[in-house]
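Q:
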Amino acid sequence: MDRRTVVAFVGEDPSASERVSRAVDAVWGGPRGPELRTFVPTDLDDDRDGEDPLNETCGVVITAAAATEDRVTERLAALPSNVPVIALVEDATTATVRSLLAAGVDDAVDADDWESDPDEIDASHPLAERLASRLDPDRVRLGNEDVARLSEVLLDAGTTLMSTRTDEVGTKIEWTMENVGEHAELDRIVCYREEDGQFVPAYGWCPDGSEPKPRPFEAFPDPEKLSTFGNVARGSVPAGNADGDGDAVRVAESPATVHVPLVVDWELSGIVAFESTDPRAWTDDEVDLYRTLGDLIAHTIARNDRRKALRRQAEQLEQFSAVVSHDLRNPLNVISGYLSLSEDELAPSRYDAMSGAVDRMETLIDDLLMLARRGETIGETEPVPIAAVAEEAWGSVRAPDATLTIAGEVGRVEADPGRLRQALENLFRNAIDHGGPEVSIEVGPITADGGVGGMYVADDGPGIPVELADTVFESGVSSADSSGIGLAIVDRIVDAHEWDIEARNDDGAVFELTFGADATRLASP
């Protein structure tokens, strides 16, 4: 890590350079003081292999003449906002002041305040006082190479966190924190999550063994800025004395910190704190990288929370499936058994109505179970003859007065035979439910590039109501006296095969099922 121990002088006046050197020695004299580096404006040209000569400085002193050169002002503009620029002004005219303001100068020292003899410059000299008040060479900051290495660490972390399994989330977040903390020479990183109005430590890297405690939101620095999703960077506050009712009270040194918000769905869900006990100067690039880590953590946590929610929903669906399978099928089987025993005692019209109701209940149960299944929408796939599967599906549909026609050669498709059959059964039942018991249904090919790219299922019923055109595949949507689950299941089966399905009207309802590119070649006759 680079320490900000360089004061830069930019100008072509040797006497001014000498006075700046004396002032630096007067303030920080000794081997641990900052080094003075002198540059003439041509040293700041752009052809220096992409390196900025002023990059490692804790402050810049510049002559008014140098501040008028474009090459100099460009370098000054590229400095971090916390690197002060002090100008040495010999002639404080309006034009000079304007040029200094345009160059982004933070302060100025009038040449009239200079001692004639550089040897007379001490800590009370105006230039020395200005340097002492503006510059802090002891603060640690990341240099360009450190920032580049940290950026690479976060790039690797992004790949790691994006592929994290649920049981790895905590381990990989803290592993990433450790890598970032060590590269940035931090002392601890803590991720707080909001729980019931408190921010509770959820993940952390604390090699000093400290145990962070829950904190109210107001205890964080600048909570108003955090609440609007802003980053908050604070330097360390030195230890000192504070007066309390006239008594001297020792105040412990507070660490330098960066706090970044965790934002999920435009809400503040947590805060990540980066802390250093060393005096620290945070650069904008460094803070941006910490925000990137916060965004990665927020994304990982949110994705894991969604995964847990989906798992809970799946478990609820499995419980629902068990209830449907046991608590509904058992009494239905009893009804079906007694109905079979009573067949000879009932009039055919009554028996057929009751038997149809039992069959309908069995179909509804099968549909509900299919909708509740988790991750098993399709099983093993194989080349399936579409016409044969359609005939099998038609054989399981009780509609003696309805007709099915296979129009043309529909070929084969790579599919789960059982699920494809169920999709066709549901389409056929949908046609009967809406078109009546004498409906005519046609299955035919959709050609694409000289081959079969899909198939259609059409009927001569009343078609799809205009108000349901955009929602026909949603669960519970139906214009007939049915559950509205059948087409939702068809949509799931089609989606699981990575196909597409669309519905339209053409003298009845038409459902067009388009296969994927690989399936299209297979479906060709």
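For the record, in the sequence shown the residue sitting at position 124 is 124 according to UniProt numbering, with numbers rising by one throughout. Even glycine gets a Cβ: it sits at the ideal position worked out from N, Cα and C.
Does Q422 come within less than 9 Å of chain D when only Cβ atoms are used?
A: Chain labels in this structure do not include chain D; a single protein chain is all it has.
Q: Since A387 and V413 should fall inside the 8 Å C-beta cutoff, what is the C-beta to C-beta distance between them, to a whole number of angstroms?
A: Residue numbering aside, residue 387 sits at position 387 when the sequence shown is read from its first letter. Residue numbering aside, residue 413 sits at position 413 when the sequence shown is read from its first letter. In fact, because the Cβ distance is near 11 Å, the residues do not count as touching under 8 Å.
Q: For A219, does the count of other Cβ atoms within 10 angstroms reach 16, so buried, or fall short, so exposed?
A: Sequence index remark: in the sequence shown, residue 219 carries index 219 (1-based). Classification for A219: exposed.
Q: By Cβ distance, which residues of its chain are closer than 6 Å to A202, with the 5 residues on each side in sequence left out?
A: As a working mapping, residue 202 is identified with position 202 in the sequence shown. For A202, where only same-chain residues beyond five positions count, the Cβ hits under 6 Å are C191, R193.
Q: Is it true that the region 329 to 340 meets the region 350 to 368, where meeting means three or more beta-carbon pairs spaced less than 8 Å apart?
A: In short, these stretches touch, since the Cβ pair count reaches three.
Q: Apart from the five residues just before and just after M455, which ones in its own chain have a Cβ nearer than 7 Å to its Cβ?
A: Here residue 455 refers to the residue found at position 455 when the sequence shown is read from its first residue. The answer, listed in chain order, is I386, V410, V443, G444, P445, I446, L513.
Q: Take T471 as the anchor and find which of D491, V452, V457 has the nearest alpha-carbon.
A: For this step, residue 471 is matched to residue 471 along the sequence shown. When only C-alpha atoms are compared, the closest one is D491.
Q: Closest to G209 by C-alpha separation, out of D196, R188, G104, would be which residue?
A: Within the sequence shown, the letter at position 209 stands for residue 209. Checking every option, the nearest Cα to that of G209 belongs to R188.
Q: Checking 9 Å against the spacing of the C-beta atoms, do V24 and L88 come in under that value?
A: Your numbering for residue 24 matches position 24 in the sequence shown. Your numbering for residue 88 matches position 88 in the sequence shown. No, the pair does not count as a contact, with Cβ atoms beyond the cut-off.
Q: Which class does V40 belong to by DSSP, given the choice of helix, strand or coil?
A: Numbered from 1 along the sequence shown, position 40 holds the residue referred to as residue 40. Looking at V40 - three-state DSSP - the assignment turns out to be coil, as it is neither helix nor strand.
Q: Just verifying my parser: in three-state terms, what is the DSSP assignment at A233?
A: Numbered from its first residue, the sequence shown carries residue 233 at position 233. Correct three-state label for A233: strand.
Q: Select from D285, F515, A509 the residue whose C-alpha is nearest the C-alpha of D449.
A: Taking the first residue of the sequence shown as 1, we reach residue 449 at position 449. When each option's Cα is compared against that of D449, the closest is F515.
Q: Within the region 154 to 235, note down every full beta strand (DSSP E) run reaching 3 residues or more, in order along the chain.
A: As far as the region 154 to 235 is concerned, its whole beta strand (DSSP E) runs of at least 3 residues are 188 to 195, 198 to 205, 232 to 234.
Q: Which of helix, strand or coil does DSSP assign to E382?
A: Here residue 382 is taken as the residue at index 382 of the sequence shown, counted from 1. Note: E382 maps to strand in three-state DSSP.
Q: Measure the C-alpha to C-alpha separation of G463 and V510 and round it to an integer number of angstroms.
A: Locating residue 463 in the sequence shown gives position 463, where the first residue counts as 1. Locating residue 510 in the sequence shown gives position 510, where the first residue counts as 1. Distance between the alpha carbons of G463 and V510: 8 Å.
Q: Determine the DSSP secondary structure at A64, reduced to helix, strand or coil.
A: In the sequence shown, the residue the question calls residue 64 occupies position 64. Three-state DSSP puts A64 in coil, outside helix and strand.
Q: Sort G461, N179, N430, V457 by Cα distance to V439 and report the nearest one.
A: Here residue 439 refers to the residue found at position 439 when the sequence shown is read from its first residue. The shortest C-alpha separation from V439 is found at G461.
Q: Just verifying my parser: in three-state terms, what is the DSSP assignment at R398?
A: Along the sequence shown, one-based indexing puts residue 398 at 398. Residue state, collapsed to three classes: coil.
Q: Run the CB neighbour count on E185, radius 10 Å, all protein chains shown included, and call it buried at 16 or more, exposed below.
A: For the purposes of this step, residue 185 is taken as the residue at position 185 of the sequence shown. Exposed.
Q: With a threshold of 7 Å on Cβ separation, who are the neighbours of V287 within its own chain once the five nearest residues in sequence on each side are excluded?
A: In the sequence shown, counting from the first residue as 1, residue 287 sits at position 287. Hits under 7 Å: N231, A233, V258.
Q: Check for me: the beta strand (DSSP E) holding N82 runs from which residue to which?
A: Along the sequence shown, one-based indexing puts residue 82 at 82. That residue, N82, is in no beta strand (DSSP E); it is neither H nor E in DSSP.
Q: When the Cα atoms are used, what is the spatial distance from M177 to A309?
A: By one-based count along the sequence shown, residue 177 stands at place 177. By one-based count along the sequence shown, residue 309 stands at place 309. Spanning the two alpha carbons is a distance of roughly 26 Å.
Q: Is DSSP giving E498 helix, strand or coil here?
A: Residue numbering aside, residue 498 sits at position 498 when the sequence shown is read from its first letter. DSSP places E498 in coil when its eight states are reduced to three.
Q: Anyone know if the C-beta pair for T166 and R37 falls short of 9 Å?
A: Within the sequence shown, the letter at position 166 stands for residue 166. Within the sequence shown, the letter at position 37 stands for residue 37. Against a cut-off of 9 Å, the Cβ pair of R37 and T166 comes out as no contact.
Q: Using the Cα positions of G294 and A66, report the straight-line distance between them to the nearest angstrom.
A: If you number the sequence shown from 1, residue 294 lands on position 294. If you number the sequence shown from 1, residue 66 lands on position 66. Near 41 Å, if we compare the C-alpha coordinates of A66 and G294.
Q: Could you give the distance in angstroms between the alpha-carbon of R215 and the alpha-carbon of G197?
A: Walking along the sequence shown from the start, residue 215 turns up at place 215. Walking along the sequence shown from the start, residue 197 turns up at place 197. Roughly 9 Å between the two C-alpha positions.
Q: Beta-carbon within less than 7 Å of P84's beta-carbon, same chain only, minus the 5 sequence neighbours each way: which residues are those?
A: Your numbering for residue 84 matches position 84 in the sequence shown. Excluding residues within five positions, the ones whose Cβ falls inside 7 Å are G59, D106, D107, R134, L135.
Q: When the Cα atoms are used, what is the spatial distance from T300 to G270?
A: Residue mapping note: residue 300 aligns to position 300 of the sequence shown, counting from 1. Residue mapping note: residue 270 aligns to position 270 of the sequence shown, counting from 1. Whole-angstrom Cα-Cα distance: 13 Å.
Q: State the CB to CB distance for the pair L468 and N430, rounded to an integer number of angstroms; the pair is presumed to be in contact (CB under 8 Å).
A: Your numbering for residue 468 matches position 468 in the sequence shown. Your numbering for residue 430 matches position 430 in the sequence shown. Not a contact, Cβ separation roughly 12 Å.
Q: Using DSSP's beta-bridge definition, name the partner residues of H299.
A: Stepping through the sequence shown from its first residue, residue 299 is reached at position 299. According to DSSP, H299 bridges with nothing at all.
Q: Which residues bound the beta strand (DSSP E) around S276?
A: In the sequence shown, residue 276 corresponds to position 276, counting from 1. That run of the beta strand (DSSP E) goes 267 to 276.
Q: I'd like to check one pair, E69 with P34: are the Cβ atoms closer than 9 Å?
A: In the sequence shown, residue 34 corresponds to position 34, counting from 1. In the sequence shown, residue 69 corresponds to position 69, counting from 1. Taking 9 Å as the Cβ cut-off, P34 and E69 do not qualify as a contacting pair.
Q: On a Cα-Cα basis, can you pick out the residue from D45, D222, E425 that is closest to E74?
A: On the sequence shown, position 74 is the one that residue 74 refers to. Among D45, D222, E425, the Cα nearest to that of E74 is on D45.
Q: In terms of residues, what are the limits of the alpha helix (DSSP H) holding L76?
A: Position 76 of the sequence shown, counted from the start, is the residue given in the question as residue 76. 70 to 77 is the span of the alpha helix (DSSP H), which, as asked, contains L76.
Q: From T93 to L100, what distance separates their C-alpha atoms?
A: To locate residue 93, count along the sequence shown from 1; it is residue 93. To locate residue 100, count along the sequence shown from 1; it is residue 100. Near 11 Å, if we compare the C-alpha coordinates of L100 and T93.
Q: Output the boundary residues of the alpha helix (DSSP H) element that contains V439.
A: Residue mapping note: residue 439 aligns to position 439 of the sequence shown, counting from 1. Careful: V439 lies outside any alpha helix (DSSP H) and carries neither H nor E.
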